[in-house]
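Residue numbers (our numbering): 4 to 320.
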């Protein structure tokens, strides 16, 4: 089925962040909490990572930017980061989904070090948004289900298997991509998404020193207009967003390494340990030392304030 223009106008675009583990940046969301309602969202949203979804039951509408497409059971959706979208079920029904949220580059790096050029080209091609109808690419469905099984059951060498299956999934999905009749329009056409160059730059360079005016220049906007658009799209100022990314990265290091707090603060871009401690306590609700000493990840999540509500952990009601 071809894309058709959605009727909605002046839609607000929200940023939804999914913090992914540094050592294994893939998140599985599945189960009965992922029944999608028939109520269209008032807003589109976009993520900080690649989203892959499988519809198990039901049917409905997938909106990608200004275009809509019908989905049904067995369809797979692949939506790159920074692409606005939303999903809702047919009137009077619900649809059941499983989702994977992935940082493709970081997940594949340990597996494809000798094939960096080929991997970069693969990821460039997959930087899109499209729907694979049920039955048209059974291998993609197979690898998707294998990944979900490995994440849930954790068989021997499951990290390696997930990486291998994910690479196979992307290779087969890219082979399907040229069959799409209409590609989504570029992000730069939407004024609220003119900040994408800044988001990309922060993702790659959060640990370095740069001005907010430089980010505005990257986006081709005046500093004042850039800050206004950024606040509208992200719900926070550029500097607040940068520090949120830095603190998020620090949380991962505190959990997964024995590096000193001073070294971690410097690694993520803070030049003053006092500034790092102040921002960390403000955003997390405890000091870095207290965070590291928490008995479990559940305790951290209960106490932490960082980005808790940005990424949905169950279907929106």
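Yeah, the Cβ is synthetic: ideal placement off N, Cα and C, and Gly gets one too.
| Nearest neighbour of residue 38, chosen from 107, 62 and 111 [CA to CA] | 62
| said: Here's a check: name, in chain order, each residue in its chain whose Cβ is nearer than 8 Å to the Cβ of residue 96, leaving out the five neighbours to either side. | reply: 41, 61, 62 and 63
| field | Identity of the residue in 102, 160, 121 and 81 nearest residue 130 by Cα | value | Of all alpha-carbon atoms in 102, 160, 121 and 81, the one lying nearest the alpha-carbon of residue 130 is that of 81.
| task | Would you list the residues sitting across from residue 57 in a DSSP beta bridge? | result | 79 and 101
| message | Between the alpha carbons of residue 128 and residue 293, how many angstroms are there, rounded? | response | Distance between the alpha carbons of residue 128 and residue 293 is about 43 Å.
| message | Quick check: residue 250 and residue 265, are their CB atoms within less than 8 Å of each other? | response | For the pair residue 250 and residue 265, the CB atoms are not nearer than the 8 Å cut-off.
| query | Any idea which residues DSSP pairs residue 62 with across the strands? | reply | Among the bridge pairs identified by DSSP, residue 62 is matched with 75.
| said: What residue range does the alpha helix (DSSP H) around residue 201 cover? | reply: 199-208
| field | Rounded C-alpha distance that separates residue 33 from residue 241 | value | Roughly 33 Å between the two C-alpha positions.
| Are there 16 or more other CB atoms within 10 angstroms of the CB of residue 54, so buried, or fewer, so exposed? | buried
| Thinking C-beta only, is residue 221 closer than 8 Å to residue 209? | Judged by beta-carbon spacing, residue 221 lies beyond the 8 Å limit of residue 209, meaning their Cβ atoms are not closer than that value.
| said: Using the three-state DSSP reduction, which class does residue 212 fall into: helix, strand or coil? | reply: coil
| field | Same chain, Cβ closer than 6 Å to residue 43, five either side skipped, listed in chain order | value | 91
| said: Give me, in chain order, the residues of the same chain whose beta-carbon lies closer than 6 Å to that of residue 48; leave out the 5 immediate sequence neighbours on both sides. | reply: So the list reads 17 and 19, once near-sequence residues are dropped.
| Is it the case that the Cβ atoms of residue 114 and residue 30 are separated by a distance below 8 Å? | no
| Which residue from 291, 284 and 248 puts its Cα closest to that of residue 262? | 291
| Are the CB atoms of residue 136 and residue 175 nearer to each other than 8 Å? | Taking 8 Å as the cut-off, the beta carbon of residue 136 is found no closer than this to the beta carbon of residue 175.
| query | According to DSSP, is residue 21 helix, strand or coil? | reply | coil
| Where does residue 16 sit, in a helix, a strand or coil, going by DSSP? | strand
| Who are the near neighbours of residue 268 in its chain, counting only those whose CB is closer than 6 Å to its CB and skipping five residues on each side? | 276 and 279
| field | Span of the alpha helix (DSSP H) around residue 321 | value | Here the chain covers residues 4 to 320 and nothing more, so residue 321 does not appear.
| query | Nearest-angstrom Cα distance between residue 76 and residue 98? | reply | Residue 76 and residue 98: Cα-Cα distance of roughly 8 Å.
| Do you know offhand how far residue 153's Cα is from residue 164's? | Separation of residue 153 and residue 164 (C-alpha to C-alpha, rounded to the nearest whole angstrom) is 7 Å.
| message | Just to confirm the assignment: which complete beta strand (DSSP E) runs, minimum length 3, are found wholly within the region 111-157? | response | 132-135
| task | Using three-state DSSP, classify residue 160 as helix, strand or coil. | result | Under the three-state reduction of DSSP, residue 160 is assigned to coil, being neither helix nor strand.
| query | To the nearest whole angstrom, what separates the beta carbons of residue 215 and residue 226, a pair I think is in contact under 8 Å? | reply | Their Cβ separation, rounded to whole angstroms, is 7 Å, which keeps residue 215 and residue 226 in contact under 8 Å.
| message | Does residue 169 come out as helix, strand or coil in the three-state DSSP assignment? | response | helix
| According to DSSP, which residues form a beta bridge with residue 91? | 64
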